[in-house]
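*Asks:* In this note's numbering, the protein residues as written are 1 to 519. Would you mind keeping the following structure in view while I ask a few things?
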Amino acid sequence: YQTLRLILGDQLNAGHSWYNTKDEGTLYVIAELNQETSYVKHHVQKVCAFFAAMKAFSVALQKAGHNVSHLTLDDTHQFATLPELLNSLIAKYGIAKFEYQLPDEYRLRDQLSTFCAQIDIDSGAYESEHFYLSDSELSSYFSAGKKHRLEAFYRKMRVRFNILMDGSTPFGGEWNFDSNNRNKLKQKDLSEIPEPLVFANDVSDVWERLQRHQVSTFGIYEANSLWPITRAQAKELLRSFCETQLPKFGFFQDAMTCKADDMYTKKQWSLYHSRLSFALNSKIISPQFVVDTVVAYFVQHQQEIDIAQVEGFVRQIIGWREFVRGIYWVNMPQYAELNELDAKRDLPDWFWNGKTHMNCQKHAVKQSLDYAYAHHIQRLMVTGNFCLIAGIDPRQVDDWYLGVYIDAIEWVEMPNTRGMSQFADGGIVGSKAYAASGNYVNKMSDYCSDCQYDIKSVAGDNACPLNSLYWHFMDTHEGKFSSNPRNRMVYANWRKKAPEQRALIMEQAAYYLDNLNKL
Ligand code: FAD
Ligand code: SF4
1 YQTLRLILGD QLNAGHSWYN TKDEGTLYVI AELNQETSYV KHHVQKVCAF FAAMKAFSVA
61 LQKAGHNVSH LTLDDTHQFA TLPELLNSLI AKYGIAKFEY QLPDEYRLRD QLSTFCAQID
121 IDSGAYESEH FYLSDSELSS YFSAGKKHRL EAFYRKMRVR FNILMDGSTP FGGEWNFDSN
181 NRNKLKQKDL SEIPEPLVFA NDVSDVWERL QRHQVSTFGI YEANSLWPIT RAQAKELLRS
241 FCETQLPKFG FFQDAMTCKA DDMYTKKQWS LYHSRLSFAL NSKIISPQFV VDTVVAYFVQ
301 HQQEIDIAQV EGFVRQIIGW REFVRGIYWV NMPQYAELNE LDAKRDLPDW FWNGKTHMNC
361 QKHAVKQSLD YAYAHHIQRL MVTGNFCLIA GIDPRQVDDW YLGVYIDAIE WVEMPNTRGM
421 SQFADGGIVG SKAYAASGNY VNKMSDYCSD CQYDIKSVAG DNACPLNSLY WHFMDTHEGK
481 FSSNPRNRMV YANWRKKAPE QRALIMEQAA YYLDNLNKL
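Written out as structure tokens, the structure is:
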């Protein structure tokens, strides 16, 4: 072979221009790697889904007539790093040129550019051709350290890519219908939650390899992976989303329940969300394809689906997903060190086993361990909020999120976790810290009625920990937050409380902070 082309595990993009031509002199390599299983401890379902999807992609490429070397851990275990493996392949095949697609993760991009600078053969880097915005365009939308806001960026994206537009105005008359989208699931809604479409991809061979090579993972192992690992499956999931979840996607986007499961169905874990993030982030399916399909479906079904549902969904993909990628790239590697609130406490042990008495946290953590999935509000307003108001070290928070979720890749995980959720970036991603007392959970879920803590109490035996931790957090960071007009009422309410009551609340919070593992 003349040319060696590397395909990383999250570069399973069959539509890439690399594959437009077949070349006998090109060998594609796709490899399970030690370094990718160990840079953070991963959920076992995440490793299994990635490795199974990589295998399926290599089979599809071979069928399409390309030369592919798919290497498993059995073939690569002696190579501690990716460069070691690449050097050995270059020597083995007498390769004259090495090519790769720009990785979306800083760690890998750095590693590969250093590698290319050191080898004595030609090399070339290509765009991944997955996102709406190309890599080279990011710096014209984002600047390092600048506090960017989603809404302005999102509107630019709508106009530029002509999505849900009516000439130069937004379709439906508004850019954003979020205010329609904050509904709680009532008792009568529970039986209507659609059953999620899941797959049953046998990953037992991957599991055996993980055991054989002592790869350390966590979470519940499923021999039949629920996640889409081929393009056909990803398209099926997308179609099923349009038909069954899209009509109420926005309406119940922020809702949470622990009461929707019965012995026959398991549906509370996904509600009206698409669960397309794994297929998107591994690039099995492109964001354009997802958005075009959803918009086309909406156009044909305007009688049944209103614009608020579709706009809310499109915003997540052309807005948030592209936005956090831009933030990540212009701010790395410094972004990974930011800790604006100087948070230092250790992540409680129950994040690894779900053994906490707080019903909201128990559900979000257990579900994450069971499915490698939680929806956005569980991540942001349950576990994320807890870590924020308890002052957990953002590095430990990042590591947990990066390991546990099926869709977690650093470019999208970190701005969401360290930025949006933990405010460790001082407001680069979001204009305020998403801190909340137990009230928020009570408003958006049915968790509190089944909890051993009392949502109505702020201090005293069994008081909901989120209540005092919230006030403690706001009090501690008053210097940083009080000038934000969105917090004016909060501080006015805090000051209105009698000094003895404030002292009691702070004492309660201090007790909880000393006993985080026992909550
Ligand atoms: P849906 O609710 O159906 O949304 C559709 C798609 O929109 C998602 O698949 C995703 O691609 C995109 N999207 C939605 N919200 C965001 C967002 N805030 N940022 C980027 N894309 C978004 N998403 C990841 O893909 N990987 C992560 O590692 C990740 N970590 C997160 C950590 C925290 C603390 C928070 C608050 C959010 C995180 N998110 C992450 C964003 C979001 O929670 C997930 O994308 C979403 O829950 C995936 O489920 P879904 O496919 O059912 O999404
Ligand atoms: Fe969570 Fe507090 Fe409600 Fe319990 S009472 S579920 S800890 S918000």
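For glycine and all other residues, C-beta sits at the position ideal for the given N, C-alpha and C. This structure is a prediction, so every number in the text was calculated from the model and none was measured.
Taking 7 Å as the cut-off, is the beta-carbon of Asp407 closer than that to any non-hydrogen atom of the ligand FAD?
*Replies:* yes
*Asks:* Could you check if Asn359 belongs to the surroundings of the ligand SF4, using beta carbon to heavy atom distance under 7 Å?
*Replies:* Asn359 Cβ: within cutoff of the ligand SF4.
*Asks:* Relative to the C-alpha of Ala31, which candidate in Ser58, Asn13, Cys242 has its C-alpha closest?
*Replies:* Relative to Ala31, the option among Ser58, Asn13, Cys242 whose CA is nearest is Ser58.
*Asks:* If you scan the region 345 to 391 from start to end, which runs of the alpha helix (DSSP H) of 4 or more residues do you find wholly inside it?
*Replies:* The region 345 to 391 contains these whole alpha helix (DSSP H) runs: 359 to 371, 384 to 390.
*Asks:* Within the present structure, is the beta-carbon of Asn442 separated from the nearest heavy atom of the ligand SF4 by less than 7 Å?
*Replies:* yes
*Asks:* With distances taken from CA atoms, which of Ser270, Arg149, Leu27 is nearest Pro194?
*Replies:* The option with the nearest alpha carbon to Pro194 is Ser270.
*Asks:* Please identify the residue among His363, Leu138, Tyr512 whose C-alpha is closest to the C-alpha of Trp329.
*Replies:* Leu138
*Asks:* Ordered along the chain, which non-local residues of its own chain (more than five positions away) have a Cβ less than 7 Å from that of Phe521?
*Replies:* Residue 521 lies beyond the residue range present for the chain, which begins at 1 and ends at 519; the question has no answer from this structure.
*Asks:* Compute the Euclidean distance between the alpha carbons of Leu246 and Ala433, then round it to the nearest angstrom.
*Replies:* Computed Cα separation, rounded: 29 Å.
*Asks:* Find out if the Cβ-Cβ distance for the pair Gly124, Leu369 is shorter than 8 Å.
*Replies:* The answer is no: Cβ separation not under 8 Å.
*Asks:* Apart from the five residues on each side of it in sequence, which residues of its chain come closer than 8 Å, Cβ to Cβ, to Cys258?
*Replies:* Gln268, Asn359, His363, Ser445, Asp446, Tyr447, Asp450
*Asks:* Between Gln396 and chain B, is there a C-beta pair that is closer than 8 Å?
*Replies:* Considering every chain present, this structure includes no chain B. It has just one protein chain.
*Asks:* Tell me whether Met489 is buried or exposed, calling it buried when 16 or more other Cβ atoms sit within 10 Å of its Cβ.
*Replies:* exposed
*Asks:* For Ala520, which residues in the same chain have their Cβ closer than 8 Å to its Cβ, ignoring the five residues on either side in sequence?
*Replies:* Past the boundaries of the shown model lies residue 520; the chain is included only from 1 to 519, so the question cannot be answered.
*Asks:* DSSP puts Arg5 in a beta bridge; with which residues?
*Replies:* Tyr28, Glu99
*Asks:* When you compare the CB positions of Val29 and Ser69, do they come within less than 8 Å of one another, or not?
*Replies:* yes
*Asks:* To which residues does DSSP link Thr169 through a beta bridge?
*Replies:* Asp166
*Asks:* Between which two residues does the alpha helix (DSSP H) carrying His301 extend?
*Replies:* Unbroken run through His301: none, as it is neither H nor E.
*Asks:* At what residues does the beta strand (DSSP E) containing Asn67 begin and finish?
*Replies:* 67 to 71
*Asks:* For Lys344 and Pro394, what's the separation of their Cα atoms in angstroms?
*Replies:* 8 Å
*Asks:* Per DSSP, what kind of secondary structure is Cys224 in: helix, strand or coil?
*Replies:* Checking the sequence, you will find Asn at residue 224 rather than Cys. Residue state, collapsed to three classes: strand.
*Asks:* Check whether the region 39 to 55 touches the region 208 to 224, taking contact to mean three or more Cβ pairs, one atom from each stretch, closer than 8 Å.
*Replies:* yes
*Asks:* Just the Cα atoms here: how many angstroms apart are Val159 and Arg182?
*Replies:* 26 Å
*Asks:* Where do the N-terminal and C-terminal ends of the beta strand (DSSP E) with Asp122 fall, by residue?
*Replies:* 122 to 126
*Asks:* Would you mind stating whether Ser225 and Phe199 have Cβ atoms separated by less than 8 Å?
*Replies:* yes
*Asks:* Going by alpha carbons, who is nearest to Glu340 out of Gly427, Leu12, Lys147?
*Replies:* Gly427
*Asks:* For Leu466, is the beta carbon positioned less than 7 Å from some heavy atom of the ligand SF4?
*Replies:* yes
*Asks:* Could you give the residue range of the alpha helix (DSSP H) that holds His472?
*Replies:* 465 to 476
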